[in-house]
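Numbering (our numbering), first residue to last: 24 to 256.
Using N, Cα and C, we set each Cβ at its ideal position, and we do this for glycine too.
For clarity, every value in this text was computed on a predicted model and none was experimentally measured.
Below is one structure, written out as structure tokens, with a few remarks after it.
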């Protein structure tokens with residue numbers, strides 16, 4: 024995860040959405056110690072989260088999966104359609120890997136465990152705001168394994184479909200996608216390709232558009248399914 028705080032002229036605006044006031048208070052307490060992060064809105068359910076994000080534009084929305092009225096999974100679809108679109112990071116606990124994979128497929132930028140430490144939380148918010156993926160190391164392996172196995176409800180072969188979706192990419196785009204699939208953040212991709220961070224963001228936007236992926240997490244998994252690595256681009 025990258026620390027993009029030095030490049031931002033304004034604080035990263037954050038929305039906290041969790042039905043437990045104590046959880047929101049704890050998150051807020053941690054984030055308020057980061058000078059480049061500001062909690063600008065809170066919500067107790069998914070419907071409130073969407074309404075708050077529409078009323079007060081935010082850069083990052085930290086959203087609990089399980090909430091009343093409208094849960095986090097249902098809220099993602101509405102949040103990512105807002106303009107400006109926030110990066111949605113799901114808050115979860117062990118044992119919810121299936122819900123997390125659904126969230127990532129729906130357009131979430133990543134996920135955090137609720138018991139991840141303060142450093143992980145602050146770094147995750149900064150990474151999400153910079154356009155990087157946010158994957159808690161605590162359950163990443165389980166989630167990636169589940170996603171790579173494919174959804175039983177999807178009749179298409181994951182590998183074949185992934186190869187078809189990346190076939191139209193230009194060489195530079197394939198190379199960037201391979202680095203994305205290897206888990207590299209924007210800054211490292213920029214260094215590997217010898218281009219600036221802004222050019223990397225533009226390149227990734229093009230990759231998302233051409234492959235039909237909604238987020239860099241989905242694009243990274245697409246690269247993995249297709250067997251695309253930095254060594255075989």
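With distances taken between CA atoms, residue 68 lies nearest to 86 out of 51, 55, 60 and 86.
DSSP lists 114 as the beta-bridge partner residues of residue 87.
Residue 96 and residue 134 have their C-alpha atoms roughly 12 Å apart. Here residue 65 is bridged, per DSSP, to 39. Annotated as proximal: residue 208 and residue 155, with beta-carbon spacing under 8 Å. As the crow flies, the alpha-carbon of residue 213 is around 11 Å from that of residue 198. Comparing alpha carbon positions, the residue from 36, 231, 58 and 106 closest to residue 204 is 231. DSSP lists 112 and 157 as the bridge partner or partners of residue 133. Assignment of residue 99 by DSSP, reduced to helix, strand and coil, places it in the helix class. For residue 60, the pairing in a beta bridge is given by DSSP as 35.
In the assembly as shown, residue 52 is an exposed residue. Its beta-carbon has fewer than 16 other beta-carbons within 10 Å. Between the alpha carbons of residue 186 and residue 56 lies a distance of about 44 Å.
For residue 241, the secondary structure class from DSSP, reduced to helix, strand or coil, is helix. Apart from sequence neighbours up to five positions away, the residues of its chain that approach residue 75 with a beta-carbon distance below 7 Å are 38, 64 and 66, ordered along the chain. Rounded to whole angstroms, the gap between the alpha carbons of residue 242 and residue 234 is 8 Å. Within the same chain, and ignoring the five residues on either side of residue 107 in sequence, the residues whose Cβ sits closer than 7 Å to its Cβ are 80.
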